[in-house]
Amino acid sequence: MLTISRELVDRIIAHARADHPDEACGVIAGPIGSDSPERFVAMENAERSPTFYRFDSMEQLRVWREMDDRDEEPVVIYHSHTSTEAYPSRTDISYASEPNAHYVLVSTREELGEEAEFRSYRIVDGVVSEEEVTITPAGSSPGTDAR
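All residue numbers for the sequence shown refer to my numbering, where the first residue is 19 and numbers rise by one.
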């Protein structure tokens, strides 16, 4: 189960809407072993594509080093789908390399209007398991911006 603050959910959705029609992507870091998403890190989609995302390798190296320096790990890895449901594609599954991370997908497809579909998954060894999401009230997590 993913427990995440309303503030962080809102920031993920806002990033997805801001980058639409391209997919948005990023990470929420937290203390190693805590399973607690705390620090929001919006990243650039190096592909600038409405159907695919990829972290810029230099930005990813910088962010992962920063997490190491702060004794953090990627608790949430998120991206958006702009015209399909919030479910991992085959490419998403093949790129999932953090077995402890929650993989959050947000759909900003047109038929949802102002709503956004927000779902979380565990992806381990190519196996996708959807998990429950508990959203805590705003202010329950620091949610500082690293961008």
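Just so you know, even glycine gets a beta-carbon here, dropped at the ideal spot from N, CA and C.
Spatial distance of residue i from residue j (CA atoms)
i, j, result
"methionine 85", "alanine 64", "20 Å"
"glutamate 148", "aspartate 37", "25 Å"
"proline 106", "valine 122", "9 Å"
"glutamate 90", "threonine 69", "30 Å"
"isoleucine 95", "proline 55", "10 Å"
"glutamate 116", "arginine 137", "17 Å"
"cysteine 43", "aspartate 28", "14 Å"
"alanine 104", "aspartate 53", "22 Å"
"aspartate 74", "arginine 35", "20 Å"
"proline 39", "leucine 26", "21 Å"
Short Cβ contact (8 Å threshold) for residue i with residue j
i, j, result
"threonine 100", "glutamate 150", "no"
"proline 92", "alanine 119", "yes"
"valine 81", "valine 45", "yes"
"threonine 126", "serine 23", "no"
"tyrosine 71", "histidine 33", "no"
"threonine 102", "threonine 21", "no"
Three-way DSSP call (helix, strand, coil) for residue i in this model
i, result
"arginine 88", "coil"
"methionine 61", "strand"
"threonine 109", "helix"
"isoleucine 50", "coil"
"arginine 83", "helix"
"serine 159", "Here serine 159 scores only 45 on pLDDT, less than 50, and its place in the model is too uncertain to base an answer on."
Buried versus exposed, by CB contacts within 10 Å (16 or more), residue i
i, result
"valine 142", "exposed"
"alanine 47", "buried"
"leucine 79", "exposed"
"proline 160", "Model confidence at proline 160 stands at a pLDDT of 46, short of 50, so the residue's coordinates are unreliable; what they give is reported in the following sentence. With fewer than 16 other Cβ atoms within 10 Å, it is exposed."
Are the segment 99–116 and the segment 55–62 touching, with three or more C-beta to C-beta distances below 8 Å? No, the segment 99–116 does not touch the segment 55–62.
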